[in-house]
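Below is one structure, written out as structure tokens; comments come after it.
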Amino acid sequence: MKDLDIAFKLDRGGFKLDVAFKAPGVGVTALFGRSGCGKTTVLRCVAGLERAAGHCRLDGDAWQDDSRGIFLKTHRRPIGYVFQEASLFSHLSVRRNLEYGLKRISAEQRQVGFDEVVDLLGIRKHLDRDPAGLSGGERQRVSIARALLTSPSLLLMDEPLSALDHTSKQDILPYLERLHDNLQIPVLYVSHSPDEVARLADRIIMLQDGHIQASGSATEILSRLDLPLAQDAEASSIIDGRVLSHDDDYRLSRLEIPGGSLTVARLERAVGELARVRIHARDVSIALDEPGTSSILNILPARILEIREIEHAQVLVKLCTGSGEQTPLLARVTRHSRDRLNLGVGQEVYAQVKAVALMD
Amino acid sequence: MGSAALHPPQAAQSTEIAEVNLDLEPVWLTLKLATITTAVLLVVGTPIAWWLSQTRSRMKQVVATLVALPLVLPPTVLGFYLLLLLGPAGPVGQLTEAIGMGTLPFTFAGLVVGSVIYSLPFLVQPAYNAFEAIGSRPLEVAATLRASPLERFFNVALPLAVPGLLSGAILAFAHTVGEFGVILMIGGNIPGETKVLSVAIYDHVESLEWTQAHWLAGGMVLFSFLVVLAINVLGQRMRKV
């Protein structure tokens, strides 16, 4: 079984770390938490850049196992590491930066082609330039490519977007999503941004003060009202759907989701294919009766699962559209509305969805 | 002291400059000494600077102090102990005699040993600063890209530290050129072997040959100016990168 098995303990004066988790060896696992919660330390320990007591294994290969006295030096671990700042070698051109790791990988171990990665990250036109001449986003794309070219068994990403401005972030996110879809390399992704986590993660491990607060699938963790992700202004739910039909006249597509359907902007994929969408809690409002005439396209019958006050003026409502609870939908409404509509758990309502964003 | 110039008098009279009766041999000897000393320092001093920048050993401060000691010690003290150490009764002297090298004091090789020790801080300090300035990040990145410690040193640390090493090498070179006390103690004043520029100037002054002293001393002032200028320009360029 391909999986990542990690347990680290560290006591460094005022900071204690005690984490243990397993993650499947596919997809993106996000380590999420505030700064100082220990997520970067976990990543550095996995890379062997720092040392905590415990073990770290991938697919049964031990990189560290204190009980057997094993500790591989960083350069002997099959990892790729993307740091917060691109950290390109300033004395080498972009091409020679990319080749720095690549040339240390024997031909039979190379799983990822140079051209494939260069095109995937859109950096072909920068190959012969100096890193100093690139924008922040371009530099970070080069550093991601450089890490990928070592054909790592595990890609470690330490807040790769946090040093970038908003535009560069939006510019680089699609590349990360493409990475997720095109390469079969498991990723450990450290972030304190709910937005990034919602867009990229398959699984979320929430860290707080050096220990694991919660962990599970992204859908589940994002919609748990007791956790900070759901309480964030960017809080959102993720829904997996299947393309039902296209309307070429209005440039719209219909997605089948548990308990109903969603109308979204025309998707460039065939009928029957899967599509993951994201709906912000602030874009969902609640009505008691089915609204008759409205400009809102998506009005779904739903049942209230949970209500939680998050601020003085606002409450979070967790809804489900299907019969089960597997497709949670978050709505953020005012406390005033809750009392006026007399909302309660178990009640049948209508969720009005103002915006749906396609994720991959 | 006060040996005569080596030029044959008849050759000296045939040109204009010869009226000064300037003996250039100490100049070439000085440049040779400074070049060899700098080369040895780059090989010996760079690893010391690298070790100092990377180590977490408690010995770090002790080694750093030892390296810096020539900055504060009077050159005569350094020269005195070197003379004892390298002489026939000293442990190093006995070793060099045992392997058939003879003893080092009053030879050119002895000057090189003395100069290397005397100029060590001038190379190690800028090199250490350059390695420190790189920080740990580029080396960590190289490690995650499978580079071994030795590869990280040669492919990452060394190229990034080149400006610092260069200014250290220039400083060490210039410092060796200006050396006097240590040389007088362990080298004496043997023409063609240990009579370097600073000793020659001293000689000229002793023998009241003011013109020759002026030429050599003025040349040293100009040379020193150019060296410090070069380092400043280099430093400026470094900051821009």
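Which chain is which? The protein sequence lines are A and B, in order. 61 is the number of the first residue of the first sequence in this note's numbering; add one for each residue after it. 39 is the number of the first residue of the second sequence in this note's numbering; add one for each residue after it. Glycine is no exception: its CB is placed at the ideal position from the N, C-alpha and C atoms. Every value quoted in this text rests on a predicted model; they were computed, and no experiment measured them.
Closest by C-alpha distance to residue 144 of chain B, when choosing among B:246, B:125 and B:68: B:125
First through last residue of the beta strand (DSSP E) which encompasses residue 84 of chain A: 75 to 84
Residues near residue 162 of chain A by beta carbon distance below 6 Å, same chain, minus five either side: 209
Stretch-stretch touch, CB-based, cutoff 8 Å, three pairs: the region 74 to 81 of chain B with the region 204 to 214 of chain B: yes
Residue(s) in a DSSP beta bridge with residue 131 of chain A: A:124
Partner residues on chain B for residue 206 of chain A, Cβ-Cβ distance less than 9 Å: Within chain B, the residues near residue 206 of chain A are 179 and 183.
Residue-level contact to chain A via CB, residue 229 of chain B, 9 Å cutoff: no
Opening and closing residue of the alpha helix (DSSP H) in which residue 155 of chain A lies: 154 to 162
From A:377, A:125 and A:170, residue whose alpha carbon lies closest to that of residue 105 of chain A: A:125
Own chain, CB closer than 7 Å to residue 211 of chain A, minus 5 neighbours either side, in chain order: Correct list, in chain order: 165, 169, 170, 171 and 172.
Classification of residue 167 of chain A by the beta-carbon crowding that lies within 10 angstroms, buried from 16 upward: exposed
Residue 186 of chain B at chain A interface by Cβ criterion, 9 Å: yes
Cβ neighbour criterion (16 or more within 10 Å) applied to residue 372 of chain A: exposed
Per-residue DSSP class, three states only, for residue 70 of chain B: helix
Proximal chain B residues relative to residue 211 of chain A, where beta-carbon distance stays under 7 Å: Correct list: empty, because the minimum Cβ distance to chain B is about 11 Å.
Contact the region 314 to 328 of chain A vs the region 275 to 285 of chain A: 3+ CB pairs below 8 Å: no
CB contact below 9 Å: residue 160 of chain A versus chain B: At a cut-off of 9 Å between beta carbons, residue 160 of chain A contacts chain B.
Span of the alpha helix (DSSP H), counted from its first residue to its last, around residue 242 of chain A: 226 to 242
Proximal residues, the region 191 to 203 of chain B versus chain A, C-beta separation under 9 Å: 193, 194, 197, 198 and 200
Test: residue 145 of chain A CB closer than 9 Å to a CB of chain B: yes
Within 9 Å, strictly: CB atoms of residue 267 of chain A and residue 108 of chain A: It is not a contact, given that the beta carbons lie outside the stated cut-off.
Contact set between the region 185 to 198 of chain A and chain B, restricted to residues whose Cβ is under 7 Å from the partner: Correct list: empty, as no residue qualifies.
Beta-carbon proximity of residue 234 of chain B to residue 225 of chain B, cut-off 9 Å: yes
Secondary structure of residue 91 of chain B, DSSP reduced to three states: Residue 91 of chain B falls in the helix class under three-state DSSP.
Residue 248 of chain A vs residue 287 of chain A beta-carbon contact at 9 Å: no
Runs of alpha helix (DSSP H) wholly within the region 237 to 316 of chain A (minimum 4 residues, chain order): 254 to 260, 278 to 282 and 288 to 291
Where residue 61 of chain B falls: helix, strand or coil (DSSP): coil
CB contact check: residue 249 of chain A to chain B, cutoff 9 Å: no
The alpha helix (DSSP H) enclosing residue 118 of chain B, as first and last residue numbers: 113 to 124
Residue 413 of chain A and residue 322 of chain A closer than 9 Å at C-beta: yes
At least three beta-carbon pairs within less than 8 Å, the region 293 to 302 of chain A to the region 341 to 352 of chain A: With the cut-off at 8 Å, the region 293 to 302 of chain A and the region 341 to 352 of chain A touch.
Spatial distance of residue 148 of chain B from residue 142 of chain B (CA atoms): 4 Å
Beta-carbon proximity of residue 305 of chain A to residue 411 of chain A, cut-off 9 Å: no
Bounding residues of the beta strand (DSSP E) (the contiguous stretch that carries residue 369 of chain A): 358 to 369
Cβ shell of residue 354 of chain A (< 6 Å), same chain only, five flanking positions each side left out: There are no such residues.
Simplified DSSP state of residue 89 of chain A, which is helix, strand or coil: strand
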